[in-house]
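These notes concern the structure reproduced below.
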DNA sequence: GTAGGGTTAG
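Residue numbers (this note's numbering): 24 to 844.
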């Protein structure tokens, strides 16, 4: 029942509103009229009827209207009554008719009736006007109700009281017309009426409908301070919060409701659980479900269906299965919908079979294909594409050589021809596992068994081809798609666009963009960004900038992200001023750079040793109300360190701690490197301790910075301790670190230790590539060790060992004994 | 329905 009908008196307006004691005579007339009007066909010129018409009173008319169930017949009687000489409708007969029409949701005659009320200058009590307005409201004739209210008031047919106003507001609360509601409320107050619960509640509702929660909360506070909070008020708020996706706030309020000893009704529970699940908050939906069960509301199949469906979507099969068993023990028989949802998320094949066998579902043709398809997609999702494919082939007539498990299930339940969905599942699965040719073959098979291919299937296949660089096939499919009467969608175009972006083919990418513009499609910015990024990665930042200009010329608005990527690209190729210029250009065009955009600029300036300029950029960022992130500080700290101004770096570090930006492992690594380069290894070691104390776990880069830093300061023994710690933590060091250690040991005249490191490198098979500058460093170290009498024989033995030869690039072995020129 | 992009350390 529409919530409208639950009136302020807690009863339905459908009930008869006038039940006067009729005289026996009048009663007879009413019965006569009812029987004439309900006995078809209606002959209105009937003698009897005109006789009864002369005796018609409004009391009789009300009784007749109450006795006719069909709105059409009632309306016919009502119209007939209007034309009886000497008879005039009262507000009560109008309302009786209005009530019937609103219940039957006949808006046109209802509007006409409201018009007649005014035209006939029928005077109304405040209550009657309120009733009529609510009839209009129940069929959402909000503006009409408001107009009626004004006309009746203006013509002096009624002096509305606060009940009338509350009815009007309740009607307005079916809309989101805040202004109208506020106007009526003020009007009422200025007429001397006080805003009671029945006025504030619709105000609350109208704010909720419009999503104006700040105002809604203000009204709620008023209701609360006056002690008027009830289930209805709370339901309005909770449902509205849920509708606007504020699941947590809605849930909080429900918990607060429990303190008021107010409980949700069954319908509200149902609506909320559905709402929470569709807001992807199955967690809260489940908690609500528990509350619902606790207060004794029995869940129906629909609730289990939505909850199990939600859990399957969030990939929580255990919880879904638990709920399913709960449902079954409550005596609810699962339907094919619930079963297929479960099957598609249960990872285990035996579990799937058990589920089906224990479900007690009797399959017909339609449910069999649903079941088969859900099993196919379960297999595909679990990575058993091969099995899915085999079972699928049995559906199109191939004989199965294995008759256990899933195969048996398919066999037992009979051959069912696959539908387009079955093909979609298998073709998608084949594409995802790179079996494109088989996917294409199946796709072609669909024509032979006259199955309709849908647009998604075309799109997915084309996308798969593009992603595997099979553009020829993609083009072929695109042609076939067009021939079959499908227009490529924005997805199709973007798939092709993405293909050219990935291949850094700027001219072709732009061609696609031009075509997209013709068809009114929007190129996805992620593709544009990845093209920019890709070009920048290969030092083609200038081309990337040109591409962005071309995109804008094509009329496509890009967001800050591709520009940030281009600016970063320019900075990486040391085109600092060009980067600054682009930054300024986009700012002038109205872009508001975010923290990341500023970070990119600050970092670029720091790397270009223009640290003081980066400080200016920081200030600009601050004046734009942006809060620097850890990355911002890290870049600045690194800038100062590399600029040889370790004190400014440390100042920056303490500033960042003061602003509650927690330093991360990058911050510490940067500073440790900086301190070591400044000849302060002890301070670096202290910082290391502080880092660990603060719960920041060092990663391999941090370790390597520390080890390298200590080596640079001639402390290979201390460095070795960190290397051993790395081993313990399962972190791997680059060959560079080993070479640094060897170098440091050699400088400390400890060739034995240096040899130990070399041996470790050989054992771990870590050799830098020839192009790597570490390659020559290693060669030098090996040469030195082979020159040193303490280690020379060991080195030669190590390098001569057959087992090592195979792991050790021969070039290095040979070249090791020649000094680098 | 479709998919999700830019920044920091040795």
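Built from N, CA and C at the ideal position, the CB exists for glycine as well.
From a predicted model like this one, the values you see are computed outputs, not experimental measurements.
Own chain, CB closer than 8 Å to residue i, minus 5 neighbours either side, in chain order
| i | result |
| --- | --- |
| residue 738 | 704 and 767 |
| residue 187 | 149, 150, 152, 153, 156, 172 and 181 |
Where the alpha helix (DSSP H) through residue i begins and ends
| i | result |
| --- | --- |
| residue 585 | 583-595 |
| residue 241 | 236-248 |
| residue 298 | 289-301 |
| residue 726 | 723-735 |
| residue 328 | 324-336 |
| residue 522 | 513-525 |
| residue 94 | 94-105 |
| residue 631 | Premise fails: residue 631 is in no alpha helix (DSSP H) and is neither H nor E. |
| residue 347 | 340-352 |
| residue 413 | 408-418 |
| residue 671 | 669-681 |
| residue 395 | 388-404 |
| residue 786 | 774-786 |
| residue 770 | 758-770 |
| residue 275 | 270-282 |
| residue 750 | 739-751 |
| residue 607 | 599-611 |
| residue 76 | 70-77 |
For residue j and residue i, the rounded distance between their alpha carbons
| i | j | result |
| --- | --- | --- |
| residue 512 | residue 544 | 8 Å |
| residue 656 | residue 748 | 29 Å |
| residue 152 | residue 116 | 12 Å |
| residue 176 | residue 144 | 11 Å |
| residue 30 | residue 481 | Only weak support is given to the placement of residue 30: the predicted model assigns it a pLDDT of 38, under 50, and the value that follows is read from those uncertain coordinates. Distance between the alpha carbons of residue 30 and residue 481: 54 Å. |
| residue 394 | residue 429 | 12 Å |
| residue 403 | residue 449 | 7 Å |
| residue 759 | residue 374 | 52 Å |
| residue 584 | residue 564 | 15 Å |
| residue 742 | residue 338 | 47 Å |
| residue 407 | residue 668 | 59 Å |
| residue 70 | residue 103 | 14 Å |
| residue 640 | residue 629 | 11 Å |
| residue 459 | residue 510 | 23 Å |
| residue 34 | residue 284 | Only weak support is given to the placement of residue 34: the predicted model assigns it a pLDDT of 32, under 50, and the value that follows is read from those uncertain coordinates. Distance between the alpha carbons of residue 34 and residue 284: 23 Å. |
| residue 789 | residue 696 | 24 Å |
| residue 273 | residue 308 | 11 Å |
| residue 376 | residue 528 | 50 Å |
| residue 24 | residue 126 | Its pLDDT being 29, under 50, residue 24 is placed unreliably in this model, and the value from its coordinates should be taken loosely. If I take the Cα positions, the gap works out to 10 Å. |
Residues near residue i by beta carbon distance below 7 Å, same chain, minus five either side
| i | result |
| --- | --- |
| residue 331 | 343, 346, 347, 361, 364 and 365 |
| residue 714 | 691 and 721 |
| residue 778 | 808, 814, 817 and 818 |
| residue 245 | 223 |
| residue 72 | 59 |
Contacting residues, own chain, Cβ-Cβ under 6 Å from residue i (five flanking each side not counted)
| i | result |
| --- | --- |
| residue 536 | 546 and 577 |
| residue 367 | 397, 400 and 401 |
| residue 159 | 167 and 168 |
| residue 350 | 327 |
| residue 286 | 318 |
| residue 41 | Interpretation of residue 41 is limited by its pLDDT of 44, a score under 50 that renders its predicted location unreliable; the figure taken from the coordinates is listed afterwards. Excluding sequence neighbours, residue 41 sits near 85 and 115. |
| residue 238 | 230 |
| residue 233 | 199 and 201 |
| residue 55 | 75 |
| residue 488 | 496 and 497 |
Residue i vs residue j beta-carbon contact at 8 Å
| i | j | result |
| --- | --- | --- |
| residue 157 | residue 181 | no |
| residue 633 | residue 689 | no |
| residue 745 | residue 729 | yes |
| residue 61 | residue 83 | no |
| residue 81 | residue 49 | no |
| residue 88 | residue 123 | yes |
| residue 23 | residue 675 | For the chain, the structure presents residues 24 to 844; residue 23 sits outside this window and is missing. |
| residue 590 | residue 606 | yes |
| residue 320 | residue 289 | yes |
| residue 207 | residue 162 | no |
| residue 524 | residue 550 | yes |
| residue 492 | residue 548 | no |
| residue 227 | residue 195 | no |
Distance cut-off 7 Å: residue i Cβ against heavy atoms of the ligand MN
| i | result |
| --- | --- |
| residue 650 | You won't find the ligand MN in this model; it holds no ligand whatsoever. |
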